[in-house]
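Worksheet for the structure shown next.
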Amino acid sequence: PKIRFRRKMNAEAAIYGRLSADSTLTALLASITSIYPEVAPQNASNPCIVYSESTAEYSDNKDGASHLDTSIIQVDVYADTIAARNTIGSRVRTLLDRYSGTVNTIVVQSIQLVYSFKTYDSESRAYRQTFDFRLRQVN
Numbered sequence: 094p095k096i097r098f099r100r101k102m103n104a105e106a107a108i109y110g111r112l113s114a115d116s117t118l119t120a121l122l123a124s125i126t127s128i129y130p131e132v133a134p135q136n137a138s139n140p141c142i143v144y145s146e147s148t149a150e151y152s153d154n155k156d157g158a159s160h161l162d163t164s165i166i167q168v169d170v171y172a173d174t175i176a177a178r179n180t181i182g183s184r185v186r187t188l189l190d191r192y193s194g195t196v197n198t199i200v201v202q203s204i205q206l207v208y209s210f211k212t213y214d215s216e217s218r219a220y221r222q223t224f225d226f227r228l229r230q231v232n
């Protein structure tokens with residue numbers, strides 16, 4: 094179980110590393126620290142990004158533990174205007190969809206956009222775009 098927790102954190106760390114390293118994206122956010130795991134703090138300003146792992150699959154093989162894990166990572170963009178949401182959402186997709194490479198020592202085989210939708214979130218009083226990305230990570 095400890096290994097699986099570490100792997101989960103690696104998938105999320107890869108997403109965070111990819112997003113937070115992009116100065117074009119961080120310039121569009123309320124601050125360079127406006128990318129949050131799981132939930133934004135109550136006092137967070139828009140625009141911001143929240144990411145979390147919603148599901149993980151571990152494939153066993155005949156030699157033991159999996160060498161390739163697949164996770165679905167949800168990324169939510171929150172903004173005060175439709176234009177800001179759309180601009181930030183477009184940048185998030187550009188950074189993540191079809192990416193492969195190494196992020197802070199995490200080997201990402203691929204990231205693929207699975208699903209996206211846009212809405213107004215009345216609870217947070219913000220325009221939101223939600224992405225689900227499938228991330229395949231080599232262990």
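94 is the number of the first residue of the sequence shown in our numbering; add one for each residue after it. Don't be surprised by glycine CBs; every beta carbon is placed ideally from N, CA and C.
From residue i to residue j, what does the alpha carbon distance come to, in whole angstroms?
i	j	result
residue 211	residue 113	22 Å
residue 165	residue 197	19 Å
residue 216	residue 135	12 Å
residue 202	residue 213	33 Å
Could you tell me which residues DSSP pairs with residue i in its beta bridges?
i	result
residue 225	167 and 208
residue 110	Answer is none; residue 110 lacks a bridge partner.
residue 121	DSSP, once it has assigned bridges, lists no residue as partnering residue 121.
residue 230	162 and 201
residue 143	129 and 169
residue 219	214
residue 195	200
Excluding the five sequence neighbours on either side, which residues of its own chain have a C-beta within less than 6 Å of the C-beta of residue i, listed in chain order?
i	result
residue 222	170, 178, 182 and 211
residue 143	129, 133 and 169
Mapping the DSSP letters down to three states, classify residue i as helix, strand or coil.
i	result
residue 105	helix
residue 177	helix
Short of 7 Å in beta carbon distance, which residues of its chain neighbour residue i, apart from the five on each side in sequence? Order them along the chain.
i	result
residue 125	119
By Cβ distance below 8 Å, which residues in the same chain neighbour residue i in space, the five residues on each side in sequence not counted?
i	result
residue 188	111, 112, 115 and 118
residue 122	128, 140, 141, 142 and 181
residue 138	123, 124 and 127
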